[in-house]
Structures are given as structure tokens and as C-alpha cells.
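Numbering (this note's numbering), first residue to last: 3 to 248.
Glycine residues also receive a C-beta, built at the ideal position from the N, C-alpha and C atoms.
Down below is the structure, laid out as C-alpha cells.
As C-alpha cells, this is what we get:
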């Protein structure tokens with residue numbers, strides 16, 4: 003999809019919203035969008051009621067720049083900023099996990115952490131996934147979480163704090179995220195300097211979830227990412243048939 007463009011100061015000063023005209027480049031990029039990317043947008047709309055661009059805003063996604071695009075004359079050549087088919091397919095699989103339902107911030111944090119574990123740059127803040135059921139609980143978390151010496155202590159801290167405020171039980175995501183460390187190290191082996199979010203990063207998150215689901219640490223019957231994807235396919239196909247027939 004064409005990248006989001008910032009509105010000009012004159013757009014903000016007007017009382018009525020102004021349409022930003024599409025350029026020839028925008029049209030060329032849109033026409034080159036793969037079905038996998040369109041499917042990804044549909045899944046984000048169903049899961050989060052928003053677009054992938056909003057959830058991943060500020061992150062640079064690995065695109066397919068090596069494939070140049072041309073207009074109908076063959077004279078205008080531009081970079082293809084569309085996301086790769088592999089990246090879109092993997093992310094479409096990942097968002098099928100009910101664990102992420104209505105929790106786009108948690109998905110973003112998992113992606114940011116996967117990138118950090120690969121690059122060792124731009125460590126994400128645990129504040130972004132702090133539970134918000136009780137303001138006193140939130141205030142306590144925000145006050146003490148930055149004082150932890152390393153991120154390894156975050157799951158235990160969240161568990162202890164949750165028990166303190168609400169009794170036994172820990173945030174479900176804490177154990178899942180701990181498996182991401184093992185998945186990333188095992189798959190990549192050494193730091194990759196590119197800070198762009200890649201299909202490999204999404205693969206690491208998928209592997210971490212599958213490890214977490216297989217161990218049944220919380221004594222829940224969890225499915226793998228692929229199983230969740232296959233389980234939802236009949237609903238997705240039915241939804242698409244209704245949309246195009248209506």
C-alpha cells in the first residue's frame with residue numbers, strides 16, 4: 003500500500019477536512035499491491051478495528067524495493083514500497099491468535115521485542131503492555147517497572163504485583179514473551195543490524211507462541227498459530243463471499 007502521507011499545515015488550519023490528491027506514484031503502488039497485503043488489512047480491521055499502518059506506525063517494514071515499478075509508458079520508475087507477500091502472510095497468520103484480539107498494543111510490543119532481540123537496538127518499553135484494570139495498579143507498575151535492572155525480571159515483577167493487587171494469577175502474556183527470547187536466538191544466532199521489521203521477526207513470534215502453546219504452562223488447551231489460522235479460514239471465506247455477493 004502507498005505510505006501514509008502527512009497533512010500539510012493548511013489542511014489542519016481548515017475547518018473542513020481536505021482531500022489529499024493521489025499521485026501517479028500512489029496509483030502505481032496501489033495497483034501492485036498483492037492479495038496477501040489486502041488480506042492483511044482485512045484481518046486487522048476485523049481484529050483491531052484499525053489498519054496495519056496505525057498499529058505499526060513509526061516502525062519501518064521491510065518492503066520489496068528491489069522490484070522497481072513502472073507506469074504504463076515504461077518511463078517512470080519508482081521503488082515498490084508494498085510489503086512483501088511473505089511478511090503479509092505470516093502477519094495474517096499471527097493475528098489469528100485469539101490472544102491478540104482487541105490488543106494491538108501487545109502485538110506491536112511483541113514485534114518491537116522481536117526486532118530488538120535480533121538487532122540489540124531500540125529496546126521497547128514494558129510500559130506499553132501494562133494492564134489497565136485498576137489505576138492504582140497501573141500507577142504502581144509505572145512507578146517501579148523502570149527500576150528493574152533487566153527485562154528478565156519483568157514477568158516475575160508483573161506476577162508478584164498482580165497477586166498483590168488482585169490475588170493469584172499472572173498476566174497471560176508474560177510467559178509467552180519469555181519464549182520469544184529462545185525463538186529469536188535459535189533462529190538468527192547473531193545480531194542483524196537492520197532495524198526494519200522483517201518476515202523473520204514475525205516467524206520468531208510465531209515460533210515463540212507455538213512453543214508456549216505446546217508446553218501448556220497455564221494448563222490451557224491452546225492451538226498453534228497455523229491451527230488458529232486454519233480454524234478461522236471457513237469464517238473468513240464466508241465473510242468474503244457475503245461481502246462480494248451483497
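Using DSSP with H/G/I as helix, E/B as strand and the rest coil, what is residue i?
i	result
residue 58	coil
residue 163	helix
residue 35	coil
residue 1	Because the chain here runs from 3 to 248, residue 1 falls outside it and cannot be looked at.
residue 71	strand
residue 41	helix
residue 180	helix
residue 63	strand
Within 10 angstroms of its Cβ, does residue i collect 16 or more other Cβ (buried), or is it exposed?
i	result
residue 77	exposed
residue 114	buried
residue 86	buried
residue 122	exposed
residue 95	buried
residue 84	buried
residue 208	buried
residue 127	exposed
residue 203	buried
residue 62	exposed
residue 93	buried
Closest to residue i by CA distance: which of the options is it?
i	options	result
residue 141	123, 160, 231	160
residue 30	54, 48, 75, 147	75
residue 138	43, 97, 27, 166	166
residue 119	34, 199, 214, 108	199
residue 44	62, 91, 203	91
residue 257	156, 164, 211, 222	Nothing can be reported for residue 257, as the shown portion of the chain is limited to 3 through 248.
residue 249	50, 196, 206, 55	In this structure the chain extends from 3 to 248, so residue 249 is not present and cannot be described.
residue 143	126, 162, 177	162
residue 313	106, 228, 155	The chain is shown only over 3 to 248; residue 313 falls outside these bounds and no answer can be derived.
residue 233	35, 28, 99	99
residue 79	93, 116, 28	28
Grab the span of the alpha helix (DSSP H) containing residue i for me, first residue to last.
i	result
residue 89	87-96
residue 106	106-121
residue 216	201-217
May I ask whether a heavy atom of the ligand MG can be found less than 7 Å away from the beta carbon of residue i?
i	result
residue 64	With respect to the ligand MG, the structure offers nothing, as it holds no ligand at all.
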